[in-house]
Amino acid sequence: MESAFWDRVVAEGHKVPVDRSLTDLTTELTTMLGDPDPHRRDALAFEVLATWVAEGVYDHLLEGLGDGMASGLLVGIGQRDTDTVFRRSFSALVLAQCLGRDNEQHLLPPDTVLRWGDRLAGWLVREQDLRGFVEGKGWAHAIAHGADALGALAGSEAVGRLELTVLLDVIADRLLLDSDQRFLHGEDDRLAMATLEVLRRDLLGMEVLEPWVARLSGAARFDVDSPGDPYRVAGDVRAYLRALYLQLSLAPRPPAVRADLLLVLIEQLRLVDPYLRS
106 MESAFWDRVV AEGHKVPVDR SLTDLTTELT TMLGDPDPHR RDALAFEVLA TWVAEGVYDH
166 LLEGLGDGMA SGLLVGIGQR DTDTVFRRSF SALVLAQCLG RDNEQHLLPP DTVLRWGDRL
226 AGWLVREQDL RGFVEGKGWA HAIAHGADAL GALAGSEAVG RLELTVLLDV IADRLLLDSD
286 QRFLHGEDDR LAMATLEVLR RDLLGMEVLE PWVARLSGAA RFDVDSPGDP YRVAGDVRAY
346 LRALYLQLSL APRPPAVRAD LLLVLIEQLR LVDPYLRS
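Following my numbering, the numbering of the sequence shown begins with 106 at its first residue and continues without gaps.
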């Protein structure tokens with residue numbers, strides 16, 4: 106279907122067209138999530154799907170929609186610098202909308218939420234295409250969109266203390282992966298935002314958080330005299346720890362552990378950054 110059809114849908118307030126089935130419309134929108142044209146992908150497909158989810162259009166079909174998005178996370182998995190990243194990345198972003206809707210309306214069985222969580226976690230640590238903004242094609246931003254989905258997942262009542270601990274480990278695993286692609290488009294901030302959603306559940310104490318921070322800070326240290334780029338992994342981890350410190354300091358609705366965790370972050374940041382010790 107031509108973009109003009111969906112342009113009219115958006116212009117008319119995202120009303121659901123009555124001349125086609127919702128199933129057919131959803132199938133087309135899902136395909137458009139992988140379109141390299143940023144207008145079709147982001148301004149049309151994602152905007153329409155996100156609006157319809159928020160307005161309850163999919164309330165009776167939310168599990169099916171989310172399952173489709175979870176499947177989209179595997180399209181072209183392992184590829185780098187190809188257009189398949191758009192389908193994976195925007196599937197994660199729509200899945201975040203589905204999770205957010207369920208957090209508000211409690212529409213899904215817990216097993217469904219946990220199944221999506223398993224798929225999200227597995228995809229995020231396997232994603233190889235770390236591009237942020239792609240010239241001529243707009244946002245790929247897979248890690249940022251994955252972080253948004255993890256943040257929405259953390260807000261689910263289906264997710265308990267054990268699962269929240271796993272989410273922190275997934276974030277750490279992603280940050281600690283060796284890659285020649287650095288985070289350049291705010292991915293550290295988005296991962297920190299997801300972490301804050303985990304912390305806001307107030308289910309994890311310092312006995313979990315302190316060793317988790319120490320694991321990250323250990324990778325943020327480097328020897329400037331060593332061969333190779335010392336910032337290859339350490340740079341992203343440092344940026345993330347700083348982002349987490351800043352968000353924990355300034356964000357509304359602080360978690361109960363804020364004061365204690367800030368002290369740990371300050372200590373670890375001073376250990377990894379000599380400029381903070383002078």
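Note that CB positions come from ideal geometry on N, CA and C, so glycine has one too.
Skipping 5 residues on each side, what residues in its chain have a beta carbon closer than 7 Å to that of residue i?
{"i": "residue 224", "result": "175, 178"}
{"i": "residue 158", "result": "202, 203, 206"}
{"i": "residue 196", "result": "138, 174, 177, 178"}
{"i": "residue 210", "result": "164"}
Quick test of your reading: residue i and residue j, contact by CB under 8 Å. State the CB separation rounded to the nearest angstrom.
{"i": "residue 349", "j": "residue 286", "result": "Wrong, their Cβ atoms sit about 21 Å apart, outside the cutoff."}
{"i": "residue 360", "j": "residue 305", "result": "5 Å"}
{"i": "residue 212", "j": "residue 164", "result": "6 Å"}
{"i": "residue 368", "j": "residue 314", "result": "In fact, because the Cβ distance is near 11 Å, the residues do not count as touching under 8 Å."}
{"i": "residue 352", "j": "residue 301", "result": "5 Å"}
{"i": "residue 199", "j": "residue 151", "result": "7 Å"}
{"i": "residue 229", "j": "residue 279", "result": "6 Å"}
{"i": "residue 170", "j": "residue 131", "result": "7 Å"}
{"i": "residue 215", "j": "residue 263", "result": "4 Å"}
Between which two residues does the alpha helix (DSSP H) carrying residue i extend?
{"i": "residue 189", "result": "189-210"}
{"i": "residue 178", "result": "Taken as a continuous stretch (DSSP letters only), residue 178 belongs to no alpha helix (DSSP H), as it is neither H nor E."}
{"i": "residue 255", "result": "247-259"}
{"i": "residue 117", "result": "First-last for residue 117: undefined, no H or E at that position."}
{"i": "residue 274", "result": "266-281"}
{"i": "residue 319", "result": "311-324"}
{"i": "residue 377", "result": "363-377"}
{"i": "residue 159", "result": "152-159"}
{"i": "residue 134", "result": "127-137"}
{"i": "residue 215", "result": "215-231"}
{"i": "residue 240", "result": "From DSSP, residue 240 is part of no alpha helix (DSSP H); its letter is neither H nor E."}
{"i": "residue 295", "result": "292-304"}
According to the Cβ coordinates, are residue i and residue j closer than 8 Å?
{"i": "residue 245", "j": "residue 237", "result": "yes"}
{"i": "residue 337", "j": "residue 325", "result": "no"}
{"i": "residue 299", "j": "residue 276", "result": "yes"}
{"i": "residue 111", "j": "residue 162", "result": "no"}
{"i": "residue 145", "j": "residue 108", "result": "yes"}
{"i": "residue 346", "j": "residue 373", "result": "yes"}
{"i": "residue 341", "j": "residue 288", "result": "yes"}
{"i": "residue 217", "j": "residue 168", "result": "yes"}
Take residue i and list the residues in its own chain whose beta-carbon comes closer than 8 Å to its own, dropping the five residues that flank it on each side.
{"i": "residue 183", "result": "231, 233"}
{"i": "residue 242", "result": "141, 142, 143, 188, 191"}
{"i": "residue 309", "result": "266, 269, 270, 273, 303, 362"}
{"i": "residue 186", "result": "234, 236"}
{"i": "residue 371", "result": "350"}
{"i": "residue 180", "result": "139, 189, 192, 193, 196"}
{"i": "residue 119", "result": "152, 153, 156, 157, 160"}
{"i": "residue 358", "result": "305"}
Residues in its own chain within less than 6 Å of residue i by CB, not counting five upstream and five downstream?
{"i": "residue 208", "result": "260, 261"}
{"i": "residue 149", "result": "111"}
{"i": "residue 317", "result": "273"}
{"i": "residue 226", "result": "275"}
{"i": "residue 254", "result": "197, 200, 201, 225"}
{"i": "residue 257", "result": "201, 204, 205"}
Three CB pairs or more closer than 8 Å across the segment 122-136 and the segment 214-222:
no
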